[in-house]
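Undergrad:
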Amino acid sequence: MPDDRTAERLKRETAEVTEKIDSAYDKLAQKLRAKADKAKERAGTTKDEAKRAIHRRRFELYGDAAHDIEERLALRRAPSDGSDD
84 MPDDRTAERL KRETAEVTEK IDSAYDKLAQ KLRAKADKAK ERAGTTKDEA KRAIHRRRFE
144 LYGDAAHDIE ERLALRRAPS DGSDD
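What follows is the structure, given as structure tokens:
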């Protein structure tokens, strides 16, 4: 059984790594959201219908990916009730 110092070090390490992971998720979501915004803007200014459809699809895909990551991040940051479901 770990002593108090070991338990405290483990707790600190877990918090640090969790913060790094959350930061990486956040950065990726922001990057994908920016790509979605750019695709939406280009879809609105492109005259060619085929290219406009491509940009709309990119907007959907990047937006969905960003949304999924943001949801996952929100779940990671939500207070835990202590159960390991």
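For the sequence shown, counting from 1, position 57 maps to 140 in this note's numbering; every step adds exactly one.
Positions of the beta carbon are idealized from the N, C-alpha and C atoms, including for glycine.
Would L156 pass as a contact of A112 if the rule is Cβ separation under 8 Å?
TA: Walking along the sequence shown from the start, residue 156 turns up at place 73. Walking along the sequence shown from the start, residue 112 turns up at place 29. For L156 and A112, yes; Cβs fall inside 8 Å.
Undergrad: Compute the distance between the beta-carbons of R160 and D105, then report whether it is under 8 Å.
TA: Stepping through the sequence shown from its first residue, residue 160 is reached at position 77. Stepping through the sequence shown from its first residue, residue 105 is reached at position 22. Cβ atoms of R160 and D105: closer than 8 Å.
Undergrad: Assuming contact is defined by CB atoms lying nearer than 8 Å, are F142 and K123 in contact in what I supplied?
TA: For the purposes of this step, residue 142 is taken as residue 59 along the sequence shown, with counting starting at 1. For the purposes of this step, residue 123 is taken as residue 40 along the sequence shown, with counting starting at 1. Cβ distance < 8 Å, so F142 and K123 count as in contact.
Undergrad: Within 10 angstroms of its Cβ, does A149 collect 16 or more other Cβ (buried), or is it exposed?
TA: Here the question's residue 149 lines up with position 66 in the sequence shown. Buried: at least 16 other Cβ atoms inside 10 Å.
Undergrad: How is K114 classed by DSSP in three states: helix, strand or coil?
TA: Within the sequence shown, the letter at position 31 stands for residue 114. Helix, per DSSP.
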